[in-house]
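The listed protein sequences derive, respectively, from chains A and B. Counted the way the numbering used here counts, the first sequence spans residues -12 to 306. Counted the way the numbering used here counts, the second sequence spans residues -12 to 306. All residues carry an ideal CB built from backbone N, CA and C; glycine is no exception. Everything numeric in this text was worked out from a predicted model, so none of it was measured. To start, the structure itself, in structure tokens.
Protein chains: 2
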Amino acid sequence: MRNICIDLGGTNIKAGIIENDQLLYSCSAPSMSDQSFLKVVLVLEELIDQLLEKTKTQIDSIGGIGLCMPGIVDVDNNRVLAINAKHEEAIQFDFNGWANTTYQLPIVMENDARTALVGEWQQGEGRGTDDIVMMTLGTGIGGAAMINGKLLHGKHYQAGCLGGHFTVDINGSQCNCGNIGCVESQSASWRLPSLIEETPGGKELLKQESTIDFKRLFDLTREGNQVAKNVVENIMKVWSAGIVNMIHAYDPDRVIVSGGIMNSKDIILPFMQEWVDKYAWTANHRVEVKASIDTENIALWGINYLVNEKINQQVNDSV
Amino acid sequence: MRNICIDLGGTNIKAGIIENDQLLYSCSAPSMSDQSFLKVVLVLEELIDQLLEKTKTQIDSIGGIGLCMPGIVDVDNNRVLAINAKHEEAIQFDFNGWANTTYQLPIVMENDARTALVGEWQQGEGRGTDDIVMMTLGTGIGGAAMINGKLLHGKHYQAGCLGGHFTVDINGSQCNCGNIGCVESQSASWRLPSLIEETPGGKELLKQESTIDFKRLFDLTREGNQVAKNVVENIMKVWSAGIVNMIHAYDPDRVIVSGGIMNSKDIILPFMQEWVDKYAWTANHRVEVKASIDTENIALWGINYLVNEKINQQVNDSV
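Right under this line is the structure:
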């Protein structure tokens, strides 16, 4: 059975058609998050047309549509309950109605960090265990948790997703989520200028560098710049404390860390693993820290798995 | 069906016989945690004899034995995997063999914070919702989490129990769990002297008071002592940040806080509720903070529920 899989990000929309774990074709478009959501839906429809056409697929041979996106997703009713800034109108959108009316197909929706976790579990660094925590390091910091092969959702579909908003520094800064001293507010890229400024020698560093981002910071660290090294270490401590909190919360075998920042995994991963080995409370086991496999398609694999799971479940329920 | 329910604490062992949610009789004994665990088991047997005798119950009319205790409990195999300091020999003890050989009965085991949560859910402040987080404030700080009416266990039976060991102050003290800046190491009674000393005016307060515990601190706060008030507020912040982390981890409707310290719930609860209202990230709902109902028997109710659940499940499995 072929599924249409869509990863609706804040910057790009990626769409793919998957059959028996083979990605037959994929395409993408800007997500136009400054436009009305109805326009975004038109883009989705164009991408779907393209998938069907390029793979010569009739719509009636499609099993279902899978759609993942940021925000809090009610996976039982396919509604977006909350989403930060981008695609806010998605909260009002009737995804079930759209998939049913336009394509006569069922739709499966999920938060994008959760589908990335499922993708890693099926095709990536999560293979071999059913107890996984994911931490996504990007503009914001997100996450997901799987226990015994089941994604954790919680009553209001928030469980597992808010690891970036665990307080790790009670004397820290206000986060844009409203909480204080979150992993995110103590380490995310949007805090970078002030985090550098607060480090001794940081003001001078900011003057030397016209623009500074994580990539440049890690490069400077490799070149032996001590101020950059101190900034990076403070940030890696925050990430690692966040990971220990996720381990203490969800009791996994493995933690997978994703995000473009993991291009510097040569520095980041050993630091995180050492911190976890030293500080995580694990009675009789060791938790491994891994970097996400390097592919843009991981969330597509994840949502494809969830579509198949739902279709199989409905078949079983009707037997 | 009558069940034998035992709460094996670090200080006392409480035992009760429960039928249809009626506690028919209960008794207790010191837990002798400095003695060999085989001696502790003899005490358990004496308590069970007493329960049977006083309620004129034949052993063959008992459904099962429920036993809760601190530590990491493998609830699938009824083994204690780890336990702090007290009753360490329980790790080697064969509870299934004991219950089967001595009483020809099944045994159900669980961590004591989890059974307290189940007790609150069935008989206490957890009634009316199936999504609950528990925080136990005592010598140490523990917890438990229930999602959709199911206790969260995790792969290694640690999930939900380690809320006291979430890092909330990355610049804080080493905890006796090995981690740094835990809720526990920043607020537990064993840290009280140093927490007072670190507060401006604290050294003088320690000189004035021959012994100082949480009760005295809250009494001083009520009397208007500003130093005590500052110490108490710093500690309540740590507890509250821990609660927000538990909310962000498990997405409950309600948080229940237990421990003798909640005698001062007049001060503690409003502080926690205000903190949660202000800082917890909840899309479309409000999380309530409640104090545990004031009874020593809550864990007995909880373990009784779990024994009945297991027996019913076995009946269903065999149909």
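Exercise. Exposed or buried, what is residue 206 of chain B when buried is set at 16 or more other beta-carbons lying within 10 Å of its beta-carbon?
Worked result: With fewer than 16 other Cβ atoms within 10 Å, it is exposed.
Exercise. Between which two residues does the beta strand (DSSP E) harbouring residue 17 of chain B extend?
Worked result: 9 to 17
Exercise. Could you give the distance in angstroms between the alpha-carbon of residue 335 of chain A and the alpha-carbon of residue -2 of chain A?
Worked result: This structure cannot speak to residue 335 of chain A, because chain A is shown only from -12 to 306.
Problem set entry | C-alpha gap between residue 60 of chain A and residue 231 of chain A, whole angstroms | For residue 60 of chain A and residue 231 of chain A, the distance between alpha carbons rounds to 26 angstroms.
Exercise. Would residue 156 of chain A be called buried (16 or more neighbouring beta carbons within 10 Å of its own) or exposed?
Worked result: Within 10 angstroms of the beta-carbon of residue 156 of chain A lie 16 or more other beta-carbons, which makes it buried.
Problem set entry | Span separating the alpha-carbon of residue 187 of chain B from that of residue 218 of chain B | Spanning the alpha carbons of residue 187 of chain B and residue 218 of chain B requires a straight line of approximately 9 angstroms.
Exercise. By Cβ distance, which residues of its chain are closer than 6 angstroms to residue 227 of chain B, with the 5 residues on each side in sequence left out?
Worked result: 259, 262
Exercise. What residue range is occupied by the uninterrupted beta strand (DSSP E) comprising residue 120 of chain A?
Worked result: 119 to 124
Exercise. Under 7 angstroms between C-beta atoms, does residue 298 of chain B make it to chain A?
Worked result: no
Problem set entry | Interface partners of residue 164 of chain A on chain B, CB under 7 angstroms | 268
Problem set entry | Candidates B:200, B:165, B:31, B:277, of which the one nearest residue -9 of chain B by Cα | B:31
Problem set entry | Bounding residues of the alpha helix (DSSP H) (the contiguous stretch that carries residue -9 of chain B) | Residue -9 of chain B -> not in any alpha helix (DSSP H); beta strand (DSSP E) instead, spanning -11 to -5.
Exercise. In terms of alpha-carbon separation, which member of B:66, B:243, B:93, B:85 lies closest to residue 48 of chain B?
Worked result: Comparing Cα positions, the closest option is B:93.
Exercise. In the structure shown, what three-state DSSP assignment does residue 234 of chain A receive?
Worked result: Residue state for residue 234 of chain A is assigned as helix, using DSSP reduced to three classes.
Problem set entry | DSSP three-state assignment for residue 61 of chain A, whether helix, strand or coil | strand
Problem set entry | Cutoff 8 angstroms; reference residue 0 of chain A; Cβ partners in own chain excluding five residues on either side | -7, -6, 15, 16, 17, 18, 27, 30, 31, 34
For this session: Enumerate in chain order the residues of its own chain whose CB-to-CB distance from residue 120 of chain B is below 6 angstroms, with the five nearest sequence positions on each side excluded.
Result: 132, 233, 237, 239, 242
For this session: Could you pull out every unbroken beta strand (DSSP E) segment of at least 3 residues lying fully inside the region 120 to 198 of chain B, listed in chain order?
Result: 128 to 134
Problem set entry | Three-way DSSP call (helix, strand, coil) for residue 6 of chain B in this model | strand
Exercise. Does the distance from the CB of residue 278 of chain B to the CB of residue 249 of chain B come in under 7 angstroms?
Worked result: Contact: yes.
For this session: Can you say whether residue 25 of chain A is buried or exposed, counting buried as having 16 or more other CB atoms within 10 angstroms of its CB?
Result: Classification of residue 25 of chain A: exposed, given that the 10 Å Cβ count is below 16.
Problem set entry | Contact with chain D by residue 237 of chain A, beta-carbon distance below 7 angstroms | Note that chain D does not occur in the displayed structure, where the protein chains are A and B.
For this session: Find the nearest neighbour of residue 185 of chain B within the set B:167, B:209, B:201, B:159, judged by alpha-carbon distance.
Result: B:159
Problem set entry | Within 9 angstroms of chain A by C-beta, residues of the region 21 to 33 of chain B in sequence order | none
Problem set entry | Rounded Cβ spacing between residue 53 of chain A and residue 291 of chain A (contact assumed at less than 8 angstroms) | Contact holds; Cβ gap of about 6 angstroms.
Exercise. Around the C-beta of residue 269 of chain A, are 16 or more other C-beta atoms found within 10 angstroms, so that it is buried, or is it exposed?
Worked result: buried
Exercise. So with Cβ pairs under 7 angstroms, would you call residue 154 of chain A a contact of chain B?
Worked result: yes
Exercise. Using a Cβ-Cβ cut-off of 6 angstroms (strictly less than) and excluding sequence neighbours within five positions of residue 3 of chain A, which residues of its own chain qualify?
Worked result: -8, 10, 13, 287
Problem set entry | Endpoints, beta strand (DSSP E) assigned at residue 303 of chain B | Taken as a continuous stretch (DSSP letters only), residue 303 of chain B belongs to no beta strand (DSSP E), being part of the alpha helix (DSSP H) at 285 to 305.
Problem set entry | residue 275 of chain B in three-state terms, based on DSSP | strand
Exercise. Since residue 134 of chain B contacts residue 146 of chain A with CB under 8 angstroms, what's their CB separation in whole angstroms?
Worked result: Cβ atoms of residue 134 of chain B and residue 146 of chain A come within 8 angstroms of each other, at about 7 angstroms.
Problem set entry | Contact with chain B by residue 145 of chain A, beta-carbon distance below 7 angstroms | yes
Exercise. Considering only residues of the same chain and omitting the five flanking positions on each side of residue 142 of chain A, which have a CB-CB separation below 7 angstroms?
Worked result: Beyond the five residues adjoining it in sequence on each side, residue 142 of chain A comes within less than 7 angstroms, by CB distance, of no other residue in the same chain.
Exercise. Considering only C-alpha positions, which residue in the set B:112, B:165, B:203 is nearest to residue 176 of chain B?
Worked result: B:203
Exercise. Looking only at its own chain, which residues have a Cβ that is under 6 angstroms from the Cβ of residue 50 of chain B, when we skip the five neighbours before and after it?
Worked result: -12, -10, 298
Problem set entry | For residue 100 of chain B: DSSP bridge partner residues | For residue 100 of chain B, which the question treats as bridged, DSSP gives no partner whatsoever.
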